[in-house]
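Protein chains in written order, with our numbering: chain A, 13 to 403; chain B, 297 to 470. Think of the CB as a built atom: it goes at the ideal place given N, C-alpha and C, for glycine as much as any other residue.
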Amino acid sequence: MFRRAYSTATANGLKKTPLYDLHIKYGADMVDFAGYSMPVLYKGQSHIDSHKWVRSKAGIFDVSHMLQQNLKGDDVIPFLDKITPSDFKASKPWANQLTVLLNQDGGIIDDTIVTKHDDDKNFYIVTNAGTREKDLEFFKNESQPFDVKFEQIDNALIALQGPLASKVLQNFTNEDLSKIYFGNSKIIKIPGFNNLDIHLARGGYTGEDGFELSIPKDVSIEFTEALLENKDEVRPIGLAARDSLRLEAGMCLYGHDLNDTITPVEGALSWVIAKNRRDPNVNKFNGSSKILGQLADRSLVKQQRVGFTSKGPAPREGTEIYSKEDPEKKIGVVTSGSLSPSSSERINIGQAYVERGYHKSGTPVLVKIRNKLRDATIAKQPFIPSNYYRG
Amino acid sequence: MFSRSLLRSSSATSRLMLNNTLKLSFRYQSSLIGKFNKESLINTYSKGPIDLRFTEDHEYVAAHPDQTAFIGITKYASDAIGDVTFVELPEIGDKIDQGDVIGSIESVKSSNDIFAPISGEVIAINEQLNDNAPLVNSDPLGDGWIVQVKVEDAEQLKELQNEQEYEESLKQDA
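This is the structure we're talking about:
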């Protein structure tokens, strides 16, 4: 079979994903993202065009820079029980679980999607690009007492996202996609590509219906271009819109909205802590005494992740937040913020950490931009209704 | 990022984006400065002649014989910023000194300071931008003007670049 020869680094030393040549062909502006040369915008589409396209049609994102691994062995469950607050014993095969990797202090090392495959000895795990080295070191250290083995998967990973994603993909497979619901995975066959096996996970990072597809890299460009032939439905979309889409969907960007000093309770991710793992006498996981302590007594939570909205200039990462009653009193800081491109009223949205007491939706606060205090309001996330396929 | 300072951007992502956009969008395009829109107020305000000047921050100053001048940004700058979503304007009556931050131009992901290219007093602001910020993209040297100032020191104008010098400086940047 024909094999494409890859060069794996650009002239300026950035790593290339298997789809690099496709990005260039489609006129992408490439930027350094976590050491990879990644597309930020494609020719002929502005940021807002790209964003709205994904909300109304379908977009393809290259997320091959993320780390995909198979996790195997007799001790996968006890290992995951130690490093996450989730219950993987109870999770169903081929169900995707969003969880967090925890350090000894209960801080979040990374957020991740973990999928049990056929049984308790076989899992698939996807972690972030920006934390690759740290995560690998963490897995290596944490897994030492356990019978677990990590295998890096050298595939391309693309996300096909938007209300037309399913319609487009259905043309490539005999698998009935209407039977695969949000949050589930399956290996599907692609007859037009020699019965190629693709690992499909229904979900994504935009709030829309869609899929993350793990594709052998030799055929990843051909397959992605085949999807893109549906020009009226599918376009390649870059990092610019990826960020504004995820922000509207209320999702965290690790390294901005989460870091390794933040616990899941502070990060407003208490829901990832499984119900049956909340008894501090029975269950131990990394940082469990601190995390479960915060769950039981919220006064131990000093700051908490919230959403907010405002008008006028957009609060950005680092923008300080002040109390409305006492404008001298700093109560928090913005971690992500921008205009919401889907909003016809030009509302700004974002995420921030604020002191408890100011965290309730509807609380008026002040944000300091160019030395002027301006009104903002703590708000519920997501900022747009999610559009997942639940059958 | 612009090597000079109009686009002091507040987020790392956008800095990268700008840098990149600029490199790719530049070479041999004729429309870097933008088309001077003769139908717009920046031209029709007086019978002229108009002294059109540029700064290293990619701003323009269109000075009229009555010692007032319209200030905006060039197409080179507005292309680099991308979809303009919001423009923060100064207030009428504000006294500005050359180099002061007098407002900002935002895209979805970046905030970019507007620096006063000359000293003076703000005598008009383009209120159309409150409802239609994308005018800065579609007609930067026209209906997308930002403020009009009463020029304090005509000598400052002479020190700014003329059209040819500005175009030359863009070529060297690329």
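Would you say A:Ser356 faces chain B, with C-beta separation under 7 angstroms as the test?
No, its Cβ sits nowhere closer than 7 angstroms to a Cβ of chain B.
For A:Pro175, the first and last residue of its enclosing alpha helix (DSSP H)
Per DSSP, A:Pro175 lies in no alpha helix (DSSP H) segment and is marked neither H nor E.
Which same chain residues, not among the five before or five after A:Ala40, have their C-beta less than 8 angstroms away from its C-beta?
Pro51, Val52, Leu53, Tyr54, Lys55, Pro248, Gly250
Rounded to whole angstroms, what's the CA-CA distance from A:Ile361 to A:Ala391? Just pull it up for me.
9 angstroms
Can we say the region 302 to 319 of chain A touches the region 120 to 130 of chain A, given the rule of at least three CB pairs closer than 8 angstroms?
no
When you compare the region 407 to 425 of chain B with the region 88 to 95 of chain A, are there three or more beta-carbon pairs, one atom per stretch, that lie closer than 8 angstroms?
no
Against B:Lys371, what residues of chain A qualify as contacts under a CB-to-CB distance less than 9 angstroms, listed in chain order?
Near B:Lys371 there are no residues of chain A at all, since even the closest Cβ is about 14 angstroms away, more than 9 angstroms.
Would you say A:Ile303 lies against chain B (beta-carbon separation less than 7 angstroms)?
no
Continuous alpha helix (DSSP H) assignments of at least 4 residues falling wholly in the region 410 to 461 of chain B
424 to 427, 431 to 434, 450 to 455
DSSP on A:Pro51, reduced to helix/strand/coil?
strand
By the criterion of Cβ-Cβ separation under 8 angstroms, what are the contact partners of A:Ser58 in chain B?
Gly378, Asp379
Please tell me whether B:Tyr324 has its Cβ less than 7 angstroms away from any Cβ of chain A.
Note that B:Tyr324 has pLDDT 37, beneath the 50 cutoff, so the model's placement of it is unreliable and the number below is only indicative. Chain A contact via Cβ: absent.
Count the other C-beta atoms from every protein chain shown that fall within 10 angstroms of the C-beta of A:Gly214, then say buried if there are 16 or more, exposed otherwise.
Looking at the sequence itself, residue 214 of chain A is Arg, so the reference to Gly does not match. By the neighbour-count rule (16 or more Cβ atoms within 10 Å), A:Arg214 is buried.
How long is the line joining the alpha carbons of A:Gly454 and A:Tyr400, rounded to whole angstroms?
Residue coverage of chain A in this structure runs from 13 to 403, which leaves residue 454 of chain A outside it and unanswerable.
Could you say if the region 171 to 182 of chain A and the region 61 to 71 of chain A meet the contact criterion of at least three C-beta pairs nearer than 8 angstroms?
The region 171 to 182 of chain A makes contact with the region 61 to 71 of chain A: 3 or more CB pairs, one atom from each, lie closer than 8 angstroms.
Element boundaries [beta strand (DSSP E), containing A:Ala21]:
It is not in any beta strand (DSSP E) - A:Ala21 carries neither H nor E in the DSSP assignment.
Who are the near neighbours of A:Leu208 in its chain, counting only those whose CB is closer than 8 angstroms to its CB and skipping five residues on each side?
Lys201, Ile202, Ile227, Pro228, Val231, Phe235
Compute the distance between the beta-carbons of B:Val404 and A:Leu257, then report whether it is under 7 angstroms.
Cβ atoms of B:Val404 and A:Leu257: not closer than 7 angstroms.
Answer with yes or no whether the minimum CB distance from B:Glu384 to chain A is below 7 angstroms.
yes
On the three-state DSSP scale, how would you describe A:Lys104?
If DSSP states are grouped into helix, strand and coil, A:Lys104 belongs with coil.
Taking C-beta pairs closer than 8 angstroms, name the residues in chain B that A:Gly324 reaches, listed in chain order.
Going along chain B in sequence order, the residues near A:Gly324 (Cβ under 8 angstroms) are Phe382, Glu384.
Could you work out which residue in A:Asn183, A:Ser178, A:Leu181, A:Arg144 is closest to A:Tyr164 when comparing CA atoms only?
Note that residue 164 of chain A corresponds to Gln in the displayed sequence, not to Tyr. The shortest C-alpha separation from A:Gln164 is found at A:Arg144.
Report the three-state DSSP secondary structure of A:His211 (helix, strand or coil).
DSSP places A:His211 in strand when its eight states are reduced to three.
Cβ of A:Ser68 within 7 angstroms of any chain B Cβ:
no
Relative to the C-alpha of A:Ala253, which candidate in A:Asn140, A:Ile60, A:Met78, A:Leu189 has its C-alpha closest?
A:Ile60
A:Asn153: first and last residue of the uninterrupted alpha helix (DSSP H) it sits in
144 to 154
Among A:Glu337, A:Asn134, A:Gly25, which residue has its Cα nearest to the Cα of A:Phe100?
Nearest in C-alpha terms to A:Phe100, of all of A:Glu337, A:Asn134, A:Gly25, is A:Asn134.
So, does the CB of B:Lys405 fall closer than 7 angstroms to a CB anywhere in chain C?
Chain labels in this structure do not include chain C; the protein chains are A and B.
Per DSSP, what kind of secondary structure is A:Asn115 in: helix, strand or coil?
It is coil, neither helix nor strand.
Residues near A:Ala21 by beta carbon distance below 8 angstroms, same chain, minus five either side
Answer for A:Ala21: Lys27, Lys28, listed in chain order.
Pair every Cβ in the region 342 to 353 of chain B with every Cβ in the region 451 to 469 of chain B, then say whether three or more of these pairs are closer than 8 angstroms.
Touching, yes, given that three or more Cβ pairs across the two stretches are closer than 8 angstroms.
What is the rounded straight-line gap between the Cα of A:Asp132 and the Cα of A:Glu220?
30 angstroms
Which class does A:Lys314 belong to by DSSP, given the choice of helix, strand or coil?
The three-state secondary structure of A:Lys314, taken from DSSP, is coil.
Count the other C-beta atoms from every protein chain shown that fall within 10 angstroms of the C-beta of B:Ser326, then say buried if there are 16 or more, exposed otherwise.
For B:Ser326, the pLDDT reaches just 46, beneath the cut-off of 50, and the residue's location in the model is therefore unreliable, although a value from the coordinates is still provided. The residue in question, B:Ser326, is exposed, as its Cβ has fewer than 16 Cβ neighbours within 10 Å.
Quick one: measure Cβ to Cβ for B:Val445 and B:Gly399, integer angstroms, because I've assumed they're closer than 8 angstroms.
Wrong, their Cβ atoms sit about 12 angstroms apart, outside the cutoff.
Determine, using beta-carbon pairs with one atom in the region 358 to 372 of chain B and one in the region 328 to 345 of chain B, whether at least three such pairs fall under 8 angstroms.
Taking 8 angstroms as the limit for Cβ pairs, the verdict is that the region 328 to 345 of chain B does touch the region 358 to 372 of chain B.
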